[in-house]
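Residue numbers for the sequence shown follow our numbering, so the first one is 95 and each next one is one higher. Here a beta-carbon is modelled for each residue, glycine too, at the ideal position from N, C-alpha and C. For reference, the structure discussed in these notes is given below.
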Amino acid sequence: MRNIPALLALTFAIPLLSACAVPAFLGGAAATSTAVAHGDRRTTAAMVADQAIELKINDSVYSDPVIGPQVHVNATSYNQVLLLTGEVPTQEVLDHIDALANQIPGVKRIYNDLQIAAPSSVESRANDSWITYNVKGWLLRKSNLKITDIKIVTERGAVYLMGLVTPEESDAVADIVRRIEGVDRVVKAFEYPGDVAKPVTAQPAGPAQAGQQPAQPATTGDSPSTEVIIEKTGDSAPAPSGSQDLQIESTEIILEEIPATTP
């Protein structure tokens, strides 16, 4: 039953993959994400800043004649919070890209979820495109949010959610997304407006996986009055009766493991 959707997703994804070869700074554009449209909760200045941040990090990575051909890096900025996903060949390259991101003016925080692995295949990226399309459809049908309220990025079956939301909206969206077919993991990187925040260092729950490095807080710009909450949803454990928040020392990030319940 999934062959038809996969073929459709591949049809949509191939032009995106082909377009990556034209301008070098668009090399990471294969990751799927929702577009900004009318009704966005960000200010106009923040939307312009996000576009500039994404262009700068992509240009820095893909214009490098040594690093560019070896990596598959997707940079997604929402309200000047930068998410890095994709694959790199070595720890040294990962650290170098992290350093490049920290040099970009206007970045308030960075969440680095780059993996040390071979670049994902065309089939994998097509499947990610299909998952993003499916997630958007379910959110339109089942939530009270507009699709422009949430930015969706899918990488190797992991769905990253960004946006300016309330805690109640965050929980509702995550509960919908984690039940969608094909979703292996949900990472909530939302901002909750009104919360007091300090510079933070993100790290995954439990033992660190290869390629997952703590994000370093950027040194430029003022700290916003928001708190970034990153929660990972996976299928590694049965659902607990009452979720437990894991407090990570010296940060204000809460990581919560919730099992996926795909059919």
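task = Run the CB neighbour count on L234, radius 10 Å, all protein chains shown included, and call it buried at 16 or more, exposed below.
result = Against the sequence shown, residue 234 aligns to sequence position 140. It is exposed - the Cβ of L234 has fewer than 16 other Cβ atoms within 10 Å.
Residue from A266, Q145 and S237 with nearest C-alpha to V175 | As a working note, residue 175 is residue 81 in the sequence shown. Answer by Cα proximity: Q145.
Segment limits, alpha helix (DSSP H) that includes L188 | Taking the sequence shown and counting its residues from 1, one reaches residue 188 at position 94. Segment Q185 to N196, the alpha helix (DSSP H) holding L188.
Practice item. Put A211 into one of helix, strand or coil per three-state DSSP. Key: Counted from its first residue, the sequence shown places residue 211 at position 117. In this structure, A211 counts as coil in the three-state DSSP scheme.
**Message:** I'd like the list of long-range same chain contacts for T128, defined as Cβ closer than 8 Å, with 5 residues on each side in sequence excluded.
**Reply:** Reading the sequence shown from its first residue, position 34 is the one you call residue 128. Unreliable positioning characterises T128 in this predicted model, as indicated by a pLDDT of 44, which lies under 50. The coordinate reading is nonetheless provided below. T226, K230, I241, T242, I244, K245 and I246.
* For my contact list, V267 and L239 are in at a C-beta cut-off of 8 Å; report their separation, rounded to the angstrom. => If you number the sequence shown from 1, residue 267 lands on position 173. If you number the sequence shown from 1, residue 239 lands on position 145. At roughly 7 Å, the Cβ-Cβ gap stays under 8 Å, so V267 and L239 are in contact.
How should T138 be labelled, buried or exposed, when 16 other C-beta atoms within 10 angstroms of its C-beta is the threshold for buried?
On the sequence shown, residue 138 is found 44 positions in, with the first residue counted as 1. Answer is exposed; the Cβ neighbour count stays below 16.
Practice prompt. Just tell me which of E285, W232 and V259 has its CA closest to the CA of V277.
Written response: Taking the first residue of the sequence shown as 1, we reach residue 277 at position 183. The shortest C-alpha separation from V277 is found at W232.
- request: Would you kindly report the start and end of the unbroken alpha helix (DSSP H) that includes L53?
  value: No information on residue 53 is available, as it lies outside the stretch 95 to 357 that the chain covers here.
Closest to Q197 by CA distance: which of S223, K236, V142 and I151 is it? Residue mapping note: residue 197 aligns to position 103 of the sequence shown, counting from 1. Among S223, K236, V142 and I151, the Cα nearest to that of Q197 is on I151.
Whole-angstrom distance between T179 and A169, CA atom to CA atom:
Against the sequence shown, residue 169 aligns to sequence position 75. Against the sequence shown, residue 179 aligns to sequence position 85. Rounded to the nearest angstrom, the two C-alpha atoms are 7 Å apart.
Check your understanding: In terms of alpha-carbon separation, which member of G200, E262 and N206 lies closest to Y254?
Key -> Reading the sequence shown from its first residue, position 160 is the one you call residue 254. Looking at the Cα atoms, N206 is the closest of the given residues.
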